[in-house]
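Peer 1: So in the UniProt record's numbering, the last one in the sequence shown is 122, and the numbering has no gaps at all. Every residue, glycine too, gets a C-beta built ideally from N, C-alpha and C. Everything numeric in this text was worked out from a predicted model, so none of it was measured.
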Amino acid sequence: MATVALNTENFSSTVDANDVVLIDFWAGWCNPCMRFAPIYDEASSRHEDVTFAKVDTEDQQDLSAALEITSIPTIMAFRSGYLVFRQAGLLPGAQLDELIEKVKELDPEELKRQADAQRESA
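1) Are the CB atoms of T57 and I72 nearer to each other than 8 Å?
2) Considering only DSSP beta bridges, list what T8 is partnered with.
3) By how many angstroms is the C-alpha of P38 removed from the C-alpha of V54?
4) Counting only the same chain and skipping the five closest in sequence on each side, list residues whose C-beta sits under 6 Å from that of Y40.
5) What are the partner residues of R86, as DSSP defines its beta bridges?
6) Looking only at C-alpha atoms, which of A27, T74, T3, S64 sits nearest to D49?
7) In three-state terms, what does DSSP make of D62?
8) Between L111 and R79, is the Cβ-Cβ spacing less than 8 Å?
9) Counting only the same chain and skipping the five closest in sequence on each side, list residues whose C-beta sits under 6 Å from that of F36.
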């Protein structure tokens, strides 16, 4: 499955419109990013119910800065519009698959309750 190229214009709509979104923040000069790219692409073919997206941090510097990306590769995972995972560093294929399965298992209603409770306590 092809990955979606994200930018400031389509980031929010992509995250909000899809149940599970995995985002790879990368740059062409980053050796770990280049090693991770085929792992990410292979995972996209195994998880067709997940939206795989990429952000070129060189091309999308404003978006990367807004999301406080300071190391690459960085992986973010969203479930029903909620950020549920964020980690810098290269993930092996098995660990990436495990992450995806855990994100799929999260209850969107529970995520909403937690977000509402956080807003109320702030």
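Peer 2: The answer reads as follows:
1) yes
2) In DSSP, T8 forms no bridge with anything.
3) The identity of residue 54 in the sequence shown is Lys, whereas the question assumes Val. Cα to Cα, K54 sits roughly 13 Å from P38.
4) D24
5) Secondary-structure assignment with DSSP links R86 through a beta bridge to M76.
6) T3
7) helix
8) yes
9) P73, L90
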